[in-house]
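Worksheet: one structure, shown below.
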Amino acid sequence: MDAAAGTASAGRALVRPPGPRLAEGLVTHAARRPVDVELAERQHAAYVAALRAAGWSVRAVAPADDLPDAVFVEDALVVCGDVAVVCRSGAPSRRGEAAGAERAARGLGLRVARIEEPATLDGGDVLAVGGTVYVGRGDRTNEEGICQLARLLGGRRVVPVDVRGCLHLKSAMTALPDGGLIGVPEMVDTAVLPCLRVAPEPEGAHVVVLGPDHVLMAASAPRTAARLAADGLRVTSVDISEFEALDGCVTCLSVLVPGPWRDRGPGRTSQHPDVGFRNADGIC
1 MDAAAGTASA
11 GRALVRPPGP
21 RLAEGLVTHA
31 ARRPVDVELA
41 ERQHAAYVAA
51 LRAAGWSVRA
61 VAPADDLPDA
71 VFVEDALVVC
81 GDVAVVCRSG
91 APSRRGEAAG
101 AERAARGLGL
111 RVARIEEPAT
121 LDGGDVLAVG
131 GTVYVGRGDR
141 TNEEGICQLA
151 RLLGGRRVVP
161 VDVRGCLHLK
171 SAMTALPDGG
181 LIGVPEMVDT
191 AVLPCLRVAP
201 EPEGAHVVVL
211 GPDHVLMAAS
221 APRTAARLAA
231 DGLRVTSVDI
241 SEFEALDGCV
251 TCLSVLVPGP
261 WRDRGPGRTS
271 QHPDVGFRNA
281 DGIC
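Pasting the structure below:
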């Protein structure tokens, strides 16, 4: 991994390599099937290469070979601005992942706060869009977790979103570079959302914003990728099939700490501009 000092123009990305016990990872909503660990390692390397190619400085979180799900580093850490919130997973077997993520956050010079018992919070349930933070309420994140996060992120508007039929909020929806939401309306309470663009396939709900007009998506969402490309976005697709077998998606595999491009122009914050996205294939 890139351990060079300094920050690339896009920002810094925390990733954690898959361990030898990856195939033992939790499966909640996908149909369990064998996981090819060697293929997963190659896929992860390609994912990291895509981040680097987009200008992100990749930093490695220390391996946790005894924790099968540790590769899904997003669930252990939420970064908003210069604050890193260390999560307390709703899955007890995953709580050991937090210590390494906290050390990595401190290594980036971020201010660290923690979610404390009895609260539970998975980072996959947290989607920051401008001054608003949407937080999924479901199997992994409880009401107390949402309340603690709101206190730790004082000044941001925190909106709880009930999720159903999926593992995390970001399994159901994410944000595009302009701050608009894209996802699967059947999996979220759309009544609390300003607008949601409907992804042509479920995997199209998972978007990682790499730059002001650049997104990373799974190769399993070709129709969504084509539609976003037609809208003028640059789309990079990566094959993450072995992680999808474990309820994973492209957002799960990294924690992005953005660089200065997200601070340009009115309405922008360190996350996304807080604007709506209205489209003929959206619901409002």
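Note that the numbering used here has the sequence shown beginning at 1, numbered continuously upward. The beta-carbon is built from N, C-alpha and C at its ideal position, and this holds for glycine as well. Since the model is a prediction, treat every value here as computed from it, not as a measurement.
Boundaries of the alpha helix (DSSP H) harbouring S171: 169-172, taken from the DSSP string. Of the candidates P177, G183, A113, G183 places its Cα closest to the Cα of C166. In the structure shown, D247 falls within a coil segment according to DSSP collapsed to helix, strand and coil. In the DSSP assignment, V61 forms no beta bridge with any residue. Nearest neighbour of P185 by Cα position, chosen from E203, L22, V79, turns out to be E203.
When rounded, the separation of the alpha-carbon atoms in G180 and P194 is 9 Å.
By the Cβ test, the segment 44-60 is not in contact with the segment 82-91, since fewer than three Cβ pairs between them sit closer than 8 Å. Pairing P63 with E41 gives a Cβ-Cβ distance that is not under 8 Å. In the three-state reduction of the DSSP assignment, D162 falls in the strand class. If you draw a straight line from the Cα of A45 to the Cα of I240, it is about 10 Å long. Fully contained in the segment 82-124 are the following alpha helix (DSSP H) runs of length 4 or more, in chain order: 98-107. The C-alpha of R223 is placed about 14 Å away from the C-alpha of R234. Closest option to A219, judged by alpha-carbon separation, among G211, D213, V207: V207. A straight-line Cα-Cα distance of about 24 Å links G145 and A205. In the three-state reduction of the DSSP assignment, L210 falls in the strand class, which pools E and B. For A191, there is no enclosing beta strand (DSSP E), as DSSP gives it neither H nor E. Residue state for A30 is assigned as coil, using DSSP reduced to three classes. Rounded to the nearest whole angstrom, the CA to CA distance from A172 to H214 is 20 Å. Counting C-beta pairs with one atom in each stretch, the segment 127-135 and the segment 106-114 have fewer than three that are closer than 8 Å, which means they do not touch. Three or more Cβ pairs closer than 8 Å define a contact, and the segment 119-127 meets that threshold against the segment 89-105.
Per DSSP, the unbroken alpha helix (DSSP H) holding L51 starts and ends at 37-53. Taking a 10 Å sphere around the C-beta of V192, we find fewer than 16 other C-beta atoms and assign the residue as exposed.
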